[in-house]
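S.K.:
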């Protein structure tokens, strides 16, 4: 089994709170269950969506998983970190669901994932909410104009010429502000999202 | 730590993830991945980001509050545990992505099928849920802001398609509220005593904002699933159009649509049904049914899931008549049904259907399970044989 941990130097206060919640869940505390559900549901459904591309099915799998988590709460073990546990469990649930129905895997053509990477994959996995949070934080560092240009062109997919029109500035200005925004974001998100470059900021 | 990556590799990965690899590139990528574990890790991270950047479905469309209510309902109502029927069907699977549990099979015929549902863009028609006050004043649910408490002299919290009344007796006089849920909508309420009520479409509930005195009384027309908060000192009574249910603390479904007869299905606990001066005591799994006003109630043993699963956001059918299925669909999506021939009404199905946003999703399932087709035009569905 994989013993490598990607331990981060700082102690996140969230973690102890999460571990406590986990223990309370084990003891049958509905509030703790609800808290874990609300924190992770959306992220887990989106994660399930990478295996099962129909939303209702993905939600089904995640909901079934949570029901199981509750009914079998006494048997769950203490965990260092909740996220990889949930991700791994949901992944297995998805694969089982797929196997039962003969659904195609989205990345079935790249069957290169070793068993070892699977664990690590879930440890390293960035959740939608995490990325979003980081992005929102980083966006705060931009000037209003840089931010508008970035949001319109990169997040809403508006053409640069149209951005210029809407903001009442020249195309050149849009290009410049966008370049500045990208520079700031690349710098800000660098350590966390090595590869944001390709998809988000490219 | 971060070695400089080949732009070529980045482009290759990008194309792989968007399924645009050119011939030979797949092997090239696999060779690169096999070189080093770090490469695999890098690829995994890229895929992670790609998934976040272009998720399979919009994150805003995931309703976690609704999902929690469904999960919570399942967690509490142990006897209603989901049963997947997928294994029952000798499934004929097309080579396509398809949904678990999203199938229907025709019972009478030989070949049950599992099939694909594709999302068709057409929203369920929005129709407003309203609150009617004793004085006849009508307030639209949508006009109440989310998370807002203490409006119209009451302390209640709005939470999307749900309202929770504050517990306790802060209200001095007995004020009655009436919630009217139209066709095409469902609604969830928590009453002042903690009782939880799932309202089905085209249904009305009337109750005092705070229960006072020796009993808790609500009036229901249409269909609702209730989980009554236990309080032995104050029995909970549900008044139906043609009968009454008395409860101490339990979960059950009442169905009392005008002209469709009355039904009380017990899931947990014990209830007493009073209709036409006849009293019946139900045990879990039992149902009392009678004809509208004045009919004698009859007790029978049923699978409660067939009658109650609607509140978990799905329908279950066991040899159900298409006529009955379409009546549910019509009510849930606010549509009118037209039949090409009467014989269609008697076609029977078994299976599970989730309530999708789009009525087309539901209809497609039925279509694919049999040689039936539907034409939706505005508010009308025409049911025909497929030719």
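Protein chains in written order, with our numbering: chain A, 576 to 777; chain B, 2 to 388. Ideal Cβ placement from N, Cα and C applies to all residues, glycine included.
1. By DSSP, does residue 731 of chain A sit in helix, in strand, or in coil?
2. List the whole-angstrom C-beta distance separating residue 297 of chain B from residue 279 of chain B, where the pair is believed to meet the contact cut-off of C-beta under 8 angstroms.
3. Anything in chain B within Cβ reach of residue 638 of chain A, meaning under 7 angstroms, just list it in chain order.
4. What residue range is occupied by the uninterrupted alpha helix (DSSP H) comprising residue 180 of chain B?
5. Under 8 angstroms between C-beta atoms, does residue 63 of chain B make it to chain A?
6. Taking residue 229 of chain B and residue 251 of chain B to be in contact with their CB atoms under 8 angstroms, please state how far apart those CB atoms are, rounded to whole angstroms.
7. Closer than 8 angstroms by C-beta to residue 121 of chain B: which residues in its own chain qualify, once you throw out the five before and the five after it? Chain order, please.
8. If you pair each beta-carbon of the stretch 724–735 of chain A with each one of the stretch 639–654 of chain A, do three or more pairs fall below 8 angstroms?
9. Counting pairs of beta carbons, one from the stretch 607–625 of chain A and one from the stretch 662–675 of chain A, are three or more of them closer than 8 angstroms?
10. Which two residues bound the contiguous alpha helix (DSSP H) that contains residue 269 of chain B?
11. Taking the alpha carbon of residue 201 of chain B as the point to measure from, which residue in B/309, B/77 and B/44 has its own alpha carbon closest?
12. Does the beta carbon of residue 625 of chain A come closer than 8 angstroms to any beta carbon on chain B?
13. If we define contact as Cβ-Cβ less than 8 angstroms, is residue 45 of chain B a contact residue for chain A?
14. Tell me the residue span of the alpha helix (DSSP H) that contains residue 719 of chain A.
15. If we cut at 8 angstroms on Cβ distances, does residue 16 of chain B have a partner in chain A?
16. Which bits of chain A does residue 37 of chain B rub up against, with CB to CB less than 9 angstroms?
17. In three-state DSSP terms, what is residue 297 of chain B?
18. Using a Cβ-Cβ cut-off of less than 8 angstroms, give me the residues of the stretch 638–671 of chain A that come near chain B, in sequence order.
19. Whose CA, out of B/238, B/243 and B/384, lies closest to the CA of residue 271 of chain B?
20. Whether or not the stretch 733–748 of chain A and the stretch 703–713 of chain A are in contact is what I'm after, with contact meaning three or more pairs of Cβ atoms, one per stretch, closer than 8 angstroms; do they touch?
21. If we define contact as Cβ-Cβ less than 8 angstroms, is residue 317 of chain B a contact residue for chain A?
22. Out of B/283, B/232 and B/225, which one is the CA nearest neighbour of residue 214 of chain B?
23. Using a Cβ-Cβ cutoff of 9 angstroms, what residues of the stretch 172–191 of chain B are near chain A? List them in chain order.
24. Could you check whether residue 225 of chain B and residue 265 of chain B sit closer than 8 angstroms to each other, using their CB atoms as the reference points?
25. Could you check whether residue 625 of chain A and residue 57 of chain B sit closer than 8 angstroms to each other, using their CB atoms as the reference points?
26. Check for me: the alpha helix (DSSP H) holding residue 747 of chain A runs from which residue to which?
M.R.: Let me spell this out:
1. Locating residue 731 of chain A in the first chain gives position 156, counting from the first residue. Of the three classes helix, strand and coil, the one that applies to residue 731 of chain A here is coil, per DSSP.
2. Translated into positions along the second chain, residue 297 of chain B becomes position 296. Translated into positions along the second chain, residue 279 of chain B becomes position 278. With 8 angstroms as the limit, residue 297 of chain B and residue 279 of chain B qualify as a contact, their Cβ atoms being about 6 angstroms apart.
3. In the first chain, residue 638 of chain A corresponds to position 63, counting from 1. Correct list: 68, 71 and 72.
4. As a position in the second chain, residue 180 of chain B is number 179, starting the count at 1. Unbroken run through residue 180 of chain B is the beta strand (DSSP E), 177–182; no alpha helix (DSSP H).
5. For the purposes of this step, residue 63 of chain B is taken as residue 62 along the second chain, with counting starting at 1. With 8 angstroms as the cut-off, residue 63 of chain B counts as an interface residue toward chain A.
6. Counted from its first residue, the second chain places residue 229 of chain B at position 228. Counted from its first residue, the second chain places residue 251 of chain B at position 250. 6 angstroms between Cβ atoms; contact.
7. Translated into the one-based positions of the second chain, residue 121 of chain B becomes position 120. Confidence at residue 121 of chain B is low in this model, with a pLDDT of 30, below 50, so its placement is unreliable and the value that follows should be read with caution. Here the set comprises 359, 361, 362 and 365.
8. no
9. yes
10. One-based indexing of the second chain puts residue 269 of chain B at position 268. Here residue 269 of chain B belongs to no alpha helix (DSSP H); instead the beta strand (DSSP E) covers 263–269.
11. One-based indexing of the second chain puts residue 201 of chain B at position 200. Residue 201 of chain B has its Cα closest to that of B/309, out of B/309, B/77 and B/44.
12. Counted from its first residue, the first chain places residue 625 of chain A at position 50. Taking Cβ atoms only, chain B reaches closer than 8 angstroms to residue 625 of chain A, which makes this a yes.
13. Working through the second chain from its first residue, we reach residue 45 of chain B at position 44. Answer yes: the Cβ-Cβ gap between residue 45 of chain B and chain A drops below 8 angstroms somewhere.
14. Translated into positions along the first chain, residue 719 of chain A becomes position 144. Start and end: 719–725.
15. Counting from one through the second chain, the residue named residue 16 of chain B turns up at place 15. With 8 angstroms as the cut-off, residue 16 of chain B does not count as an interface residue toward chain A.
16. To locate residue 37 of chain B, count along the second chain from 1; it is residue 36. Those within 9 angstroms of residue 37 of chain B in chain A number zero; the least Cβ separation is about 12 angstroms.
17. On the second chain, position 296 is the one that residue 297 of chain B refers to. Coil.
18. 638, 639, 641, 642, 645 and 646
19. As a first step, residue 271 of chain B is located in the second chain; it is residue number 270 there, counting from the start. The shortest Cα separation from residue 271 of chain B among B/238, B/243 and B/384 belongs to B/238.
20. no
21. Within the second chain, residue 317 of chain B is the residue found at index 316, counting from 1. Closer than 8 angstroms: no.
22. For the purposes of this step, residue 214 of chain B is taken as the residue at position 213 of the second chain. Comparing Cα-Cα distances from residue 214 of chain B to each of B/283, B/232 and B/225, the minimum goes to B/232.
23. none
24. Indexing the second chain from 1 puts residue 265 of chain B at position 264. Indexing the second chain from 1 puts residue 225 of chain B at position 224. Contact: no.
25. To locate residue 57 of chain B, count along the second chain from 1; it is residue 56. To locate residue 625 of chain A, count along the first chain from 1; it is residue 50. Contact flag set, yes.
26. One-based indexing of the first chain puts residue 747 of chain A at position 172. Per DSSP, residue 747 of chain A belongs to the alpha helix (DSSP H) from 746–764.
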